[in-house]
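The structure appears below as structure tokens.
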Amino acid sequence: EAGVAQSPRYKIIEKRQSVAFWCNPISGHATLYWYQQILGQGPKLLIQFQNNGVVDDSQLPKDRFSAERLKGVDSTLKIQPAKLEDSAVYLCASTLTSGGLETQYFGPGTRLLVL
Amino acid sequence: LAKTTQPISMDSYEGQEVNITCSHNNIATNDYITWYQQFPSQGPRFIIQGYKTKVTNEVASLFIPADRKSSTLSLPRVSLSDTAVYYCLVGNSGYALNFGKGTSLLVTP
Numbered sequence: 281e282a283g284v285a286q287s288p289r290y291k292i293i294e295k296r297q298s299v300a301f302w303c304n305p306i307s308g309h310a311t312l313y314w315y316q317q318i319l320g321q322g323p324k325l326l327i328q329f330q331n332n333g334v335v336d337d338s339q340l341p342k343d344r345f346s347a348e349r350l351k352g353v354d355s356t357l358k359i360q361p362a363k364l365e366d367s368a369v370y371l372c373a374s375t376l377t378s379g380g381l382e383t384q385y386f387g388p389g390t391r392l393l394v395l
Numbered sequence: 003l004a005k006t007t008q009p010i011s012m013d014s015y016e017g018q019e020v021n022i023t024c025s026h027n028n029i030a031t032n033d034y035i036t037w038y039q040q041f042p043s044q045g046p047r048f049i050i051q052g053y054k055t056k057v058t059n060e061v062a063s064l065f066i067p068a069d070r071k072s073s074t075l076s077l078p079r080v081s082l083s084d085t086a087v088y089y090c091l092v093g094n095s096g097y098a099l100n101f102g103k104g105t106s107l108l109v110t111p
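Line by line, the protein sequences give chains A and B. Per our numbering, the very first residue in the first sequence carries number 281; after that it's consecutive. Per our numbering, the very first residue in the second sequence carries number 3; after that it's consecutive.
Laid out in structure tokens, this is it:
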């Protein structure tokens with residue numbers, strides 16, 4: 281079974297530029313999560329999708345971050361404009377159904393460096 | 003969401019048993035306890051989950067006392083490849099898991 285795919289794996293941009301990350305969850309997984317992991321900290325949830333609807337985006341900085349999952353399968357996370365403090369690893373995870381009891385399967389992450 | 007507290011770091015020698023304890027005093031009745039492992043440059047990976055008493059799988063054991071205010075992840079006979087960050091999470095269906103800073107385990111020869 282293929283795992284969660286993410287691209288690109290690495291990205292370097294200058295502040296105020298835009299960047300987009302892509303995630304393809306495990307086939308059939310209804311729930312998709314985007315996390316931000318700053319060096320030395322645990323992952324912080326940015327947004328949770330159930331199919332193509334948003335379940336929780338309370339920690340998403342909506343002035344600069346946006347995410348979509350239009351067809352309920354793959355998803356994109358965008359940052360516009362980027363700030364230095366956005367340097368982090370962006371992790372995508374998916375579960376078969378919704379909720380914390382389900383095992384979350386994580387992708388390898390996209391490492392973003394903002395200069 | 004219940005707040006969890008676990009040691010920042012632990013050291014162990016190869017072949018020893020490692021026990022990582024997590025405190026979760028505000029755990030709710032319908033919350034489960036889940037542990038994840040994360041290696042550098044990888045996403046977290048599920049290790050074990052439990053509600054009460056003891057759960058064991060091929061990788062680890064999870065001990066949960068009757069009051070459920072803490073839990074202990076037990077890794078038998080660790081090897082160098084067990085060097086990783088271990089996260090204790092508390093939650094239930096319908097809520098995304100809340101990762102803290104985790105415990106950084108270093109296993110040395």
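Each residue gets a CB set at the ideal place from its N, CA and C atoms; glycine is no exception.
My understanding is that residue i touches residue j, with C-beta atoms under 8 Å, so please give their C-beta distance in whole angstroms.
| i | j | result |
| --- | --- | --- |
| B:L99 | B:S14 | About 26 Å; that fails the 8 Å criterion. |
| A:G389 | A:V369 | 4 Å |
| B:Q40 | B:C24 | Not confirmed; about 15 Å, so no contact. |
| A:L350 | A:N332 | 6 Å |
| B:T31 | B:V92 | Not confirmed; about 12 Å, so no contact. |
| A:E294 | A:L395 | 5 Å |
Is it buried or exposed, residue i, if we count other Cβ atoms within 10 angstroms and call 16 or more buried?
| i | result |
| --- | --- |
| A:D343 | exposed |
| B:V109 | buried |
| B:Y89 | buried |
| A:Q360 | exposed |
| B:Q18 | exposed |
| B:I10 | exposed |
| A:R296 | exposed |
| A:L392 | buried |
| A:S298 | exposed |
In the DSSP assignment, the beta strand (DSSP E) including residue i goes from what residue to what residue?
| i | result |
| --- | --- |
| A:T356 | 355 to 359 |
| B:T105 | 105 to 110 |
| A:N304 | 299 to 304 |
| A:V335 | 333 to 336 |
| B:F65 | 63 to 66 |
| B:N21 | 20 to 25 |
| B:T55 | 55 to 58 |
Could you tell me the alpha carbon to alpha carbon distance between residue i and residue j, rounded to whole angstroms?
| i | j | result |
| --- | --- | --- |
| B:I29 | B:S76 | 20 Å |
| B:S63 | B:F48 | 13 Å |
| B:G45 | A:E365 | 20 Å |
| A:G283 | A:I306 | 6 Å |
| A:L326 | A:E382 | 18 Å |
| B:G104 | B:T74 | 13 Å |
| A:G322 | A:D336 | 18 Å |
| B:Y38 | A:S287 | 23 Å |
| A:A373 | A:V334 | 15 Å |
| A:R387 | B:F101 | Rather than Arg, the amino acid found at residue 387 of chain A in this sequence is Gly. If you take the alpha carbons of A:G387 and B:F101, they lie about 16 Å apart. |
| A:H309 | B:N59 | 24 Å |
| B:P78 | B:V61 | 8 Å |
| B:F65 | B:K56 | 5 Å |
Tell me, which residues are paired with residue i by DSSP?
| i | result |
| --- | --- |
| B:F48 | B:Y38 |
| A:K324 | A:Q316 |
| B:G93 | B:Y34 |
| A:A373 | A:Y313, A:F386 |
| B:L82 | Bridge partners of B:L82: none, in fact. |
| A:V284 | None; A:V284 has no bridge partner. |
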